[in-house]
Amino acid sequence: MTDTTIQTEKPRGPWGDVWAQFRKHRGAMAALVMLVLLAVFCLIGPLVWRIDPNFIESDTVKMFKMRNQGPSFAHPLGTDQLGRDMLARMMFGGRISLAVGTVAMLVAIFIGTAVGVLAGYFRRIDGLLMRLTDLFLALPLLPLLLVMIFLFRDPVAGVLGPRLGTFLLIVMAIGLTSWMQAARVVRGEVLALKEREFVLAARSIGTPSRRIIIRHILPNVLSPVLVAATLGIAAAIITESVLSFLGLGFPPDFPTWGRLLYDGIAEIRTYPERVMWPGIAISITVLSVNYIGDGLRDALDPRIRGR
Amino acid sequence: MKFRTALLGAAAAFVLAPAAHAERGADGEVKVFYYQAVSTLNAYLSSGTKDVEAGSLVLEPLAGFDQDGQLFPRLAADIPTVENGGVSADLTTITWKLKEGLLWSDGTPVTSADVKFTWEYCTAPDGGCAQGAKYEGVKSVDTPDDLTVVITFEGPKPYPYQPFTGGTAPILQKAQFEACLGAAAASCTEQNSKPIGTGPFIVTDFKVNDVVTLEANPNYRDPAKPAFAKVTLKGGGDALAAASAVMETGEFDYAWNTQINPEQQKQMEAGGKGAFVNAFGTLVERIEINMTDPSADLPEGERSTVKHPHPILTDANVRKALSMAIDRQTLVDVGYGGAGRPTCNLVPAPAFQASDNTECLTQDIEGAKALLEGAGWTDSDGDGIRDKDGKKLSIVYQTTVNPVRQDFQALIKGWWNEIGVEVELKAIDPSVFFGGDAASPDTFQKFYADVEMYANNFDGTDAEPYMAQYLCDKIPGPENQWQGENINRFCDPAYDALVKELSGTSGIDARGALVKKMNDMLTKDSNIVIPLVDRGRFSAKSNTLDGFVMNSWDTELWNAQDWTRAK
Amino acid sequence: MLSFTIRRLLTAIPTLLLISLVIFLLVDLAPGSPLSDIPLTVPPDVRQRMIEAMGADQPVMVRYVLWLKQFFWIEPLYALDALLGTDFAQGAQRIISWQSKMPVMATIAERLPQTLTVVGTAYLIGVIIALPIGIYSAYRQYSWFDQAGTFFAMAGFSVPTFFTGNLLILIFAVNLGWFPTIYDTNLEVVDWESFTKMLAQMALPVTVLALFNAAEISRYTRSSVLENLGQDYVRTARAKGMGEGTVVLKHVLRNSLIPVVTVVALGLPTVFGGAIVTEQIFKINGIGAMLINAIHVSDLPTVQTVTFIFAVLIVMFNLIADILYGILDPRIRYD
């Protein structure tokens, strides 16, 4: 950077620096654009493409003609086995899947990072927290999800209403059952980090633990956390579909990407394109999040920044 | 002339040659696939149909059902009837004669003591016998000699063929199972996985929930059978993979219960390696109507109980309209193809007791609308949902998680919306829905929904216990831990009287007439039950397997002794 | 380190007991019943008698204590008897599956071989391909190799094994007919022919699982190596004139292995636990298929036993990972 650019641009804070660096990362920018497009597709799309995702022709003769169509002008992604429009279903499903994937991943990462950092940094609670992690790792996932939803479905739905209640419950269920790997990985890193010179130096001048964790430890465990986050979003979308499969997720007439993928698998021999659409959508989401993660990591690393 | 006769004779001899020269074990190995893997070979401890079917290769009852639902003797010499004196005139005893010279696979003779022991085994306290219903009402089993079994019932039994018939009630060897009575039944691992039987095959290796290996029984009563020397019965996976293994890759000769959607059926058939076989029995996919109020606003313990009649579904017109709006043929075409056919009956077979009720087969949306209109259900506030006296036609429709059922839900929801009924869908994990756990709100007995869809049938050909499920005193509720079978909470003294009459009526035609009458009461007269699809058994058979005959009244492996390899 | 190990082993005992109790209560509380597969033709009173015969109507704590006794006392006796030909157990009641009425331990022993061969091989292959890919991707960040690696790893992870498994079966087994679609658990490797058969039936499931594992491990390796490449000690090492190979493979790799060790240690117990979905799709009928089937039919003794063994392995491998941390980075101390 030269002096002229500093003069022409307004002074900016540390986040401005991060953004400037992020913008230089071509992969990350492309991914960000893709993700925004995908979000627009799911959020704004239904306002433009006004076919009800659950619309079935009630006249059975017409319904049979509408079934299992390939891509066409009227149905760009074709129709399913009951003549429902796949494009509308993909849009509608994307809203739920993206929301569930993102929020559940954030819940898992938040718990995982918190447990990992605390366990790694404070030796006194390390044993307790890690045994808790072992416990959660050991619990069989399906009965755990079944029990959580069985116990909390009605109370939560009573307070928040059935739709928001189901959403919150699913997100919490997925988040609470998938934080352990992040916790183990973060703890391992923190164990090594806290013996490094800069942390020892900070401690020797009397920096309080809270400050050491926030200023020195957290930035340095960012990369495994970001990896866990990208992998977590995919896992969350898939887990949601498993929940639907058990009848624990959203009602059966709520399409989600995970459910469309599951349904498509059964038809893979007869109509392979039907499994492609949700598969591609999930893959694009995960790939985008991954590249954004890469870009963020580079942008947040002061050693790389400005290189 | 002479020459021609000789030629014909030679031709006949040539045609008959394989049969005449048939030899036990000449055809090598036959591979059978059950996508639900086999857990035990002892039908009395079984946890599902698959165990009963696998066990039937080894263990046999006194009599079985053929493909037409007729009883035929297996271990018995013939079928006892009132006419031949085998059943006493007062209908309280039945006398079975065993075939002479029968041997267990270990070479010891089969005697009436084994039959009596089997009854003792299944009725022993703490044994947890899964087929207890087969021996209900049996007072005693006596063995006047080695080949005679006399069963005495507690009262007159118009249908005396429940005990020891069909794959669900095979005869066990006393010598082998003697130590397994009552509480010891579960720990008899060796016996339950390798029972000694009279059937065409004996078990050589048993890997639980995985694969059973069997070989021809050297002591089978017909010295020329079975043609196969070895049977491999593999399990695991799903119906689609099972069908594919027979129809597309040809890895297996026969796959049980390959229920897949019609397009996939067509595609698999194009594979040219096999064919689907079907047979219709009594399994009916239906919508059950809840006559009581499942509203969540009611206090727990009063939801779906007779205390609160259903606000809208107690109106017979609403139930009829719901039934009229459904196009059953479309359901079959979308979900079952060759594995189903539309029906209006709860008891679709056998012919002597199947009602000729076909009225519901044509969909009549306009008629349904007019019916509701006439009954005072109108859309007074213009939201597309009919209402009357402040009550909206809004229902919760639940079923199990299953792709075909979810398609049915979506289609039926569309039709019901069309006639002005609002529908909320719910799908429940089958192990919870059918689990009967009194603590769970999602069991089919608790019925915390307005309508629910599943399939049910009855064992064998006698519909009496099935019809008796709709008695007033079988309504599930908190007082009986929700264990009743009358899940509609239907109660009609006239119906109860008919059930009573049936239990005292003998003669196939008289019984059939009563069953038809009761069937009509539940279906077309009241629409308490809305039958949708008569679901057949649907399996896949390789072109290289001969002699297979599909049977919907007994186990599908009922004639495994007659299977041969196509030449 | 030794005292740390001993202390951890001792604390593992109460931990595992607690875990076993939580699992037991959890599985017991889950809705569902061991009779859900029984045909509806079986009337309610018969069902009730079946429940009583299983002992499923006993209070939960009674059943838990019975299970503890069977697992920690009776089953080891049977194992001893089987090894030494003695008769210590004297016919005591073993842990019996509610569904099949078979001893659970015998079933596990029957199924372990196929799970270990398939899932174990897949994990090994996964790790072997993931490490070099991860290291090279990081070393040449944003090269075409890295981009391709990233793409395949993320695609591999975002598309679940039930998709890839079915796709591979459709292409290679159904259409091309190269491999069987159904795994033959009776197959014993005795000669060359049976060995090739074994390889053929293992090929698809191993590919699916190895891809999935490799995707995950390579991502962690890449990010960790990347992090370390930017550190000062790397610059120092290079400045001192060390070869690139030494810098990357000796210094960077060793320091980068901590997250990798964590992830691998978390993954290894699944080698025993089996890959639930993959086993189902390929009909391998290993431990994973056993567990999922038992969960579906609420077969509590089986679920409890398999899950508990799994828990023991998790605790053990996490301990091993902690010890490895100390070896990889001597600055980490637990005392």
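First to last, the protein sequences are chains A, B and C. First residue of the first sequence? That's 2 in my numbering, and the numbers climb one at a time after it. First residue of the second sequence? That's 23 in my numbering, and the numbers climb one at a time after it. First residue of the third sequence? That's 9 in my numbering, and the numbers climb one at a time after it. All C-beta atoms in this analysis are idealised placements derived from N, C-alpha and C, irrespective of residue type, glycine included. Given the structure is predicted, the values throughout are model-derived calculations rather than measurements.
Asked: Starting from the C-beta of A/Leu36, find all residues in its chain whose C-beta is less than 6 Å away, skip the five residues before and the five after it, and write them out in chain order.; Found: Ser289
Asked: Taking any Cβ of chain A, which residues in the stretch 310-322 of chain C have a Cβ under 7 Å from it, in chain order?; Found: Val311, Thr315, Phe318, Ala319, Ile322
Asked: Determine whether the Cβ of A/Gln82 lies closer than 8 Å to any Cβ atom of chain B.; Found: yes
Asked: Using a Cβ-Cβ distance cut-off of 8 Å, determine whether C/Met250 contacts chain F.; Found: Structure shown: chain F not included; protein chains present are A, B and C.
Asked: Give the residues from the stretch 216-232 of chain B that approach chain C closer than 8 Å (Cβ to any Cβ), ordered along the chain.; Found: Asp227, Lys229, Val230, Asn231, Asp232
Asked: May I ask you to list, following chain order, the residues of the stretch 28-60 of chain C that have a beta carbon less than 8 Å from some beta carbon of chain A?; Found: Val30, Ile31, Leu34, Val35, Leu37, Ala38, Pro39, Gly40
Asked: Kindly give me the distance between the Cβ atoms of B/Val80 and B/Gly189, rounded to whole angstroms, as I take these residues to be in contact under 8 Å.; Found: Not quite, the Cβ-Cβ distance comes to about 11 Å (not below 8 Å), so this is no contact.
Asked: Indicate whether B/Lys53 and B/Asp275 have their beta-carbon atoms separated by less than 8 Å.; Found: yes
Asked: First and last residue of the alpha helix (DSSP H) that includes A/Thr61?; Found: 61-67
Asked: Given that a residue counts as buried once 16 or more other Cβ atoms are within 10 Å of its Cβ, and exposed if not, what is B/Asn379?; Found: buried
Asked: Going by DSSP, which residues form a beta bridge with B/Val473?; Found: B/Ile311, B/Tyr419
Asked: So, C/Asn141 versus C/Ser232, is the Cβ gap smaller than 8 Å?; Found: Checking the sequence, you will find Ile at residue 141 of chain C rather than Asn. Their beta carbons are not under 8 Å apart, which means C/Ile141 does not touch C/Ser232 by this criterion.
Asked: Give the interface partners of A/Val276 over in chain C, defined as CB-CB distance under 8 Å, in chain order.; Found: Phe171
Asked: With 8 Å as the C-beta to C-beta threshold (strictly closer), list the residues of the stretch 86-104 of chain B near chain A in chain order.; Found: none
Asked: Measuring CB to CB, does C/Ala319 end up less than 8 Å from C/Leu24?; Found: yes
Asked: Answer yes or no: do C/Val255 and C/Val269 have a C-beta to C-beta separation smaller than 8 Å?; Found: no
Asked: For C/Lys205, report the span of its alpha helix (DSSP H) as first-last.; Found: 200-237
Asked: Enumerate in chain order the residues of its own chain whose CB-to-CB distance from A/Thr231 is below 6 Å, with the five nearest sequence positions on each side excluded.; Found: Val290, Asn291, Gly294
Asked: Is there a Cβ of chain C sitting closer than 8 Å to that of A/Gln182, yes or no?; Found: yes
Asked: Is it right to say B/Thr577 is buried, meaning 16 or more other beta carbons lie within 10 angstroms of its own, or is it exposed?; Found: buried
Asked: For A/Arg132, which of C/Ala146, C/Leu299, C/Thr286, C/Leu26 has the nearest alpha-carbon?; Found: C/Leu26
Asked: For the stretch 40-101 of chain A, list the alpha helix (DSSP H) runs that are entirely contained and at least 4 residues long, ordered along the chain.; Found: 46-49, 61-67
Asked: Are three or more beta carbon pairs between the stretch 353-370 of chain B and the stretch 552-572 of chain B nearer than 8 Å?; Found: yes
Asked: Output yes if chain C places a C-beta closer than 8 Å to the C-beta of A/Asn55; else output no.; Found: no
Asked: Taking only beta carbons into account, state which residues of the stretch 103-124 of chain C come closer than 7 Å to chain B, listed in chain order.; Found: Ile104, Gln107, Ser108, Lys109, Met110, Pro111, Thr115, Glu118
Asked: For B/Ala146, does the three-state DSSP call read helix, strand or coil?; Found: coil
Asked: Is there a Cβ from chain C that is less than 8 Å from the Cβ of B/Thr271?; Found: yes
Asked: Smallest Cα separation from B/Ile218: which of B/Ala146, B/Pro245, B/Leu194?; Found: B/Leu194
Asked: Since B/Gly357 is in the alpha helix (DSSP H), which residue starts that stretch and which ends it?; Found: 350-357
Asked: Using CA atoms only, rank isn't needed, just tell me which of C/Tyr342, C/Leu76, C/Val54, C/His259 is closest to B/Gln153.; Found: C/Val54
Asked: DSSP beta-bridge partners for B/Trp126?; Found: In the DSSP output, where bridge partners are listed per residue, B/Trp126 has none listed.
Asked: Could you tell me the alpha carbon to alpha carbon distance between B/Phe199 and B/Asp148, rounded to whole angstroms?; Found: 15 Å
Asked: With 8 Å set as the bound, which would you pick, yes or no: does the beta-carbon of C/Thr378 sit closer than that to a beta-carbon of chain B?; Found: Residue coverage of chain C in this structure runs from 9 to 343, which leaves residue 378 of chain C outside it and unanswerable.
Asked: Along chain B, which residues have their Cβ under 7 Å away from the Cβ of A/Thr61?; Found: Asp349, Thr352
Asked: Run down chain B in chain order and give the residues with a C-beta less than 8 Å from the C-beta of C/Ser306.; Found: Ser453, Gly457
Asked: Provide the residue span of the alpha helix (DSSP H) that contains B/Val454, from first to last.; Found: 452-455
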